[in-house]
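Down below is the structure, laid out as structure tokens.
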Amino acid sequence: MYDLLSHTYVDAFVEGQQVSNEQRALNRMIDRTNILSAIVLADRGYESYNCFAHIQEKGWKFLFRVKDGTGGITSGLDLPITEEFDLCFNMYLTRKQTNEMKELLKDKNCYKRLTKDFDYLPVKNQKSIPVKPYFLPFRIVRFKLTDNTVETVLTNLDMEDFPPAELKKLYSKRWGIETFLRKLKYSIGLLHFHAKKVEYIYQEIFARMIMYNFIEMIISHVILENKSRKHAYQANFSTAAHICRQYFRGNVPPPTVETLIARLILPIRPGRSVPRNLSPKKATSFYYRVA
Numbered sequence: 001m002y003d004l005l006s007h008t009y010v011d012a013f014v015e016g017q018q019v020s021n022e023q024r025a026l027n028r029m030i031d032r033t034n035i036l037s038a039i040v041l042a043d044r045g046y047e048s049y050n051c052f053a054h055i056q057e058k059g060w061k062f063l064f065r066v067k068d069g070t071g072g073i074t075s076g077l078d079l080p081i082t083e084e085f086d087l088c089f090n091m092y093l094t095r096k097q098t099n100e101m102k103e104l105l106k107d108k109n110c111y112k113r114l115t116k117d118f119d120y121l122p123v124k125n126q127k128s129i130p131v132k133p134y135f136l137p138f139r140i141v142r143f144k145l146t147d148n149t150v151e152t153v154l155t156n157l158d159m160e161d162f163p164p165a166e167l168k169k170l171y172s173k174r175w176g177i178e179t180f181l182r183k184l185k186y187s188i189g190l191l192h193f194h195a196k197k198v199e200y201i202y203q204e205i206f207a208r209m210i211m212y213n214f215i216e217m218i219i220s221h222v223i224l225e226n227k228s229r230k231h232a233y234q235a236n237f238s239t240a241a242h243i244c245r246q247y248f249r250g251n252v253p254p255p256t257v258e259t260l261i262a263r264l265i266l267p268i269r270p271g272r273s274v275p276r277n278l279s280p281k282k283a284t285s286f287y288y289r290v291a
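The numbers in the sequence shown follow the UniProt record's numbering, run straight up by one, and end at 291.
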């Protein structure tokens with residue numbers, strides 16, 4: 001779980017590949033955190049009514065990118081076939097299969113029967129114990145990214161405070177998560193491990209995340225000179241990571257750390273996009289890995 005405002009990781013949940021479940025991991029982090037208010041931004045892999053319910057019960061807001069085709073929440077709803085729309089839904093979720101409920105389920109945009117995991121409805125319904133459907137209000141918004149591409153998001157943010165244009169700006173910030181993950185993998189060295197035992201691999205993962213947070217906290221206190229430049233500037237994270245390593249090794253005194261980081265800066269160029277060039281993954285020699 002990454003905080004886009006403070007540029008730090010606030011929680012992490014690590015599982016093995018055979019038992020990994022991203023949605024379940026997200027729900028556990030939401031339930032155990034002490035953060036009072038937040039807007040959760042997530043990609044299509046986290047799309048589920050269970051995640052939305054956990055966020056709603058926490059008192060937070062959510063903005064999720066959802067699938068447009070089959071296999072997603074939108075495929076079970078009656079939506080207009082247009083490039084842009086903004087619709088509100090008052091959804092009632094249930095597990096019941098009574099005749100009365102079957103009639104209500106004919107309205108796809110108001111009632112939904114769940115067969116998968118959902119933590120706020122009992123797995124089995126007993127006739128002697130009445131269970132009310134779970135109420136989940138949300139909006140589905142589709143907007144244009146470019147002339148040829150559209151994006152569909154699902155959110156519980158207010159329509160007046162967050163019109164489609166604001167949702168588009170807000171969701172674009174999610175790309176920052178990918179950028180900071182790249183820093184964690186390559187600048188900090190999370191791409192490779194020294195250990196072979198699972199417990200030690202966990203130790204390396206959390207040690208590098210702590211190191212990442214330390215570097216970002218140091219960078220947040222670096223004062224950059226305000227000069228008349230074409231672009232705004234930011235600290236070079238890779239250089240800052242190297243300087244912080246030297247600090248822990250005793251090669252750089254504390255007063256010098258921020259001064260050195262402030263010398264090497266990079267321009268901020270928002271709105272840039274570069275196509276991905278996919279290539280086969282090659283082995284990296286141990287001597288060229290970030291230790």
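Don't be surprised by glycine CBs; every beta carbon is placed ideally from N, CA and C.
These figures come from a predicted structure and were not determined experimentally.
Can you check whether the CB of lysine 96 is closer than 7 angstroms to the CB of asparagine 125?
Taking 7 angstroms as the Cβ cut-off, asparagine 125 and lysine 96 qualify as a contacting pair.
Check whether the stretch 2-14 touches the stretch 212-224, taking contact to mean three or more Cβ pairs, one atom from each stretch, closer than 8 angstroms.
With a cut-off of 8 angstroms, the stretch 212-224 and the stretch 2-14 count as touching, because enough Cβ pairs lie within range.
Through-space distance from glutamate 103 to aspartate 11, alpha-carbon basis:
Each residue's alpha carbon lies about 43 angstroms from the other.
May I ask you to report which of helix, strand or coil DSSP gives glutamate 151?
Glutamate 151: strand per DSSP, three-state reduction.
Spatial neighbours of arginine 139 within its chain, please: C-beta separation below 6 angstroms, excluding the five flanking residues on both sides.
Cβ neighbours of arginine 139 within its own chain (closer than 6 angstroms, five residues either side excluded): Cys88 and Thr155.
Can you check which of these residues, Leu190, Asp3 and Gln18, is closest to threonine 33 by C-alpha distance?
The residue with the shortest Cα to Cα distance from threonine 33 is Asp3.
Where DSSP assigns a beta bridge to valine 40, which residues make up the other side?
As computed with DSSP, valine 40 is found in a beta bridge with Phe62.
Return the chain-ordered list of same chain residues with a C-beta closer than 8 angstroms to the C-beta of arginine 28, the five sequence neighbours on each side being excluded.
Closer than 8 angstroms at Cβ, skipping near neighbours: Phe13.
Under 7 angstroms, do asparagine 236 and leucine 264 count as touching if we go by C-beta distance?
Yes, the pair counts as a contact, with Cβ atoms nearer than the cut-off.
Below 8 angstroms on the Cβ atoms is my contact criterion, and I expect leucine 77 with leucine 121 to pass it. Report the Cβ-Cβ distance as a whole number of Å.
No, leucine 77 and leucine 121 are not in contact; Cβ-Cβ is about 20 angstroms, not under 8 angstroms.
Cβ-Cβ distance between asparagine 90 and proline 137 below 7 angstroms
Yes, they are a contact pair.
Could you tell me the alpha carbon to alpha carbon distance between phenylalanine 162 and proline 267, rounded to whole angstroms?
Phenylalanine 162 and proline 267: Cα-Cα distance of roughly 30 angstroms.
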